[in-house]
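A.B. asks: Using mature numbering (1 follows the signal peptide of the UniProt record, and there is no 0), the letters of the sequence shown map in sequence onto residues -20 to -1, 1 to 270. Even for Gly, the Cβ is constructed at its ideal location relative to N, Cα and C. These figures come from a predicted structure and were not determined experimentally. Okay, handing you the structure first.
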Amino acid sequence: MNSSAAVLVVCLCLAGQAMAFEVSFGSCPKESNAVSPFYPLNYIGRWYEIERFAQVWEALGKCAVAYYGIDNTVGMRVTVNNTMRRDLADGRHSRISYRKMNSSAAVLFVCLCLAAQALAFEISLGSCRKESGAVTPFLPTRYVGKWYEIERFAQIWELAGKCATADYELDQDVSGRVTVKNTMQTIFGGEVSQSGYADLTSQDKGELNVVFNVPIFGKREAPYWVLATDYDNYSLVYSCTDLLGFLKIESVWVLGRAPTLTDAAQKEVDAAIELNKINKRALKPTKQDC
């Protein structure tokens, strides 16, 4: 991806996460299909947010409410005030107005947004679990080879590519190290890849520490825990990193030795997802139609 495309992706990510929308290819509908006639005087007042497109902002609060009022100084204008409740660490609550976010908070949300979308993870309140739950014993010699990405936590990068694969090989020069090469096909017809390495951090568990040099963000280092695998058909990979003392960053990948999983393998993966309390709704399928 060239620098112009990277800037475009960054801008789309930032806007999408900050304002709670999704970005996709195509054009907007010509007709709005909005209700007609519309009665502003009946519409004003308090509205509770029931559902909306996901965004990083939701990690810090709940009970979002919108207040609409008629602006008596400007014709045909409605005033808007969006608020939500944040639970504090000591059990108290505070109410946040979206319009009153200061510059420091705005920078934080921008950084979280960019990182989350570029590196395919989700951010939520809480801390990472103490025990990895990784498979024991773990056999690196059986795990190496080619894996197809079946599902993973959604990211805007997927808009530009498909057919993601991961190739793992034992490093002949460094004991306990596995070389990593991630590859995918772009919608523009080319291929992009990223290389790194993963070091085993346990003698018997499927716990590794993976390192990549990510464009824009620099060196990216994170845990790589194999929660479930039969080595021949499927693998469920999980990563979690604590952030700022009250947030956690989670990544999940479902991998397969073939572009699709068998029904039996899918059942094993689903059982492991449930056992490890992974948010299955956050997993998005990777196109493997190359």
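Please return the same chain residues whose Cβ sits closer than 6 Å to the Cβ of residue 227, not counting the five positions on each side in sequence.
C.D. replies: Closer than 6 Å at Cβ, skipping near neighbours: 103.
A.B. asks: Would you kindly work out how many angstroms separate the C-alpha atoms of residue 265 and residue 54, rounded to a whole number?
C.D. replies: 48 Å
A.B. asks: Please name the residue, chosen from 33, 24, 43 and 42, that lies closest to residue 49 on a Cα-to-Cα basis.
C.D. replies: 24
A.B. asks: Could you spell out the range, first to last residue, of the alpha helix (DSSP H) harbouring residue 238?
C.D. replies: Unbroken run through residue 238: none, as it is neither H nor E.
A.B. asks: Taking the C-alpha atoms as reference points, what is the distance between residue 243 and residue 189?
C.D. replies: 31 Å
A.B. asks: Measuring straight from C-alpha to C-alpha, what distance separates residue 29 and residue 61?
C.D. replies: 13 Å
A.B. asks: To the nearest angstrom, how far is the alpha carbon of residue 167 from that of residue 141?
C.D. replies: 5 Å
A.B. asks: Among 125, 185 and 230, which one has its Cα closest to the Cα of residue 238?
C.D. replies: 125
A.B. asks: Which residue marks the beginning of the beta strand (DSSP E) containing residue 103, and which one marks its end?
C.D. replies: Taken as a continuous stretch (DSSP letters only), the beta strand (DSSP E) holding residue 103 covers 102 to 105.
A.B. asks: For residue 280, name the three-state secondary structure that DSSP assigns.
C.D. replies: Residue 280 lies beyond the stretch modelled for the chain, which goes from -20 to 270, so this question has no answer here.
A.B. asks: Kindly list the residues whose CB is nearer than 8 Å to the CB of residue 210, restricted to its own chain and excluding five residues on each side of it in sequence; keep chain order.
C.D. replies: 245 and 248
A.B. asks: Could you check what DSSP says for residue 111 in three-state terms: helix, strand or coil?
C.D. replies: coil
A.B. asks: From this set, 130, 105, 176 and 132, which residue's C-alpha is nearest residue 148's C-alpha?
C.D. replies: 176
A.B. asks: Measure the alpha-carbon distance for residue 233 versus residue 131 and round it to whole angstroms.
C.D. replies: 6 Å
A.B. asks: Taking the C-alpha atoms as reference points, what is the distance between residue 207 and residue 216?
C.D. replies: Counting only the Cα atoms, residue 216 lies some 6 Å from residue 207.
A.B. asks: Taking the C-alpha atoms as reference points, what is the distance between residue 46 and residue 133?
C.D. replies: 29 Å
A.B. asks: Which residues bound the alpha helix (DSSP H) around residue 120?
C.D. replies: If you look at residue 120, you'll find it in the alpha helix (DSSP H) that goes 120 to 123.
A.B. asks: So, for residue 26: in the same chain, excluding its five sequence neighbours on each side, which residues have a beta-carbon less than 7 Å away from its beta-carbon?
C.D. replies: 45 and 47
A.B. asks: I'd like the span of the alpha helix (DSSP H) that includes residue 257, first residue to last.
C.D. replies: Counting along the chain, residue 257 falls outside any alpha helix (DSSP H), and DSSP gives it neither H nor E.
A.B. asks: Give every residue of the same chain whose Cβ lies closer than 8 Å to the Cβ of residue 21, excluding the five residues on either side of it in the sequence, and list them in chain order.
C.D. replies: 50
A.B. asks: Tell me the rounded alpha-carbon separation between residue 52 and residue 33.
C.D. replies: 32 Å
A.B. asks: Can you tell me whether residue 224 is helix, strand or coil according to DSSP?
C.D. replies: coil
A.B. asks: Buried or exposed for residue 214, going by 16 or more other Cβ atoms inside 10 Å?
C.D. replies: Buried: at least 16 other Cβ atoms inside 10 Å.
A.B. asks: Have a look at residue 164 and residue 146 and give me their C-alpha separation to the nearest angstrom.
C.D. replies: CA-CA distance, residue 164 to residue 146, rounds to 9 Å.
A.B. asks: Could you pull out every residue in the same chain whose Cβ sits closer than 6 Å to the Cβ of residue 108, ignoring the five residues on either side in sequence?
C.D. replies: 220, 222 and 228
A.B. asks: Less than 6 Å between C-beta atoms, sequence neighbours within five positions excluded: which residues of the same chain meet that for residue 58?
C.D. replies: 48
A.B. asks: Nearest CA to the CA of residue 256: which residue from 128, 110, 118 and 162?
C.D. replies: 110
A.B. asks: Is it buried or exposed for residue 204, if we count other Cβ within 10 angstroms and need 16 for buried?
C.D. replies: It counts as buried.
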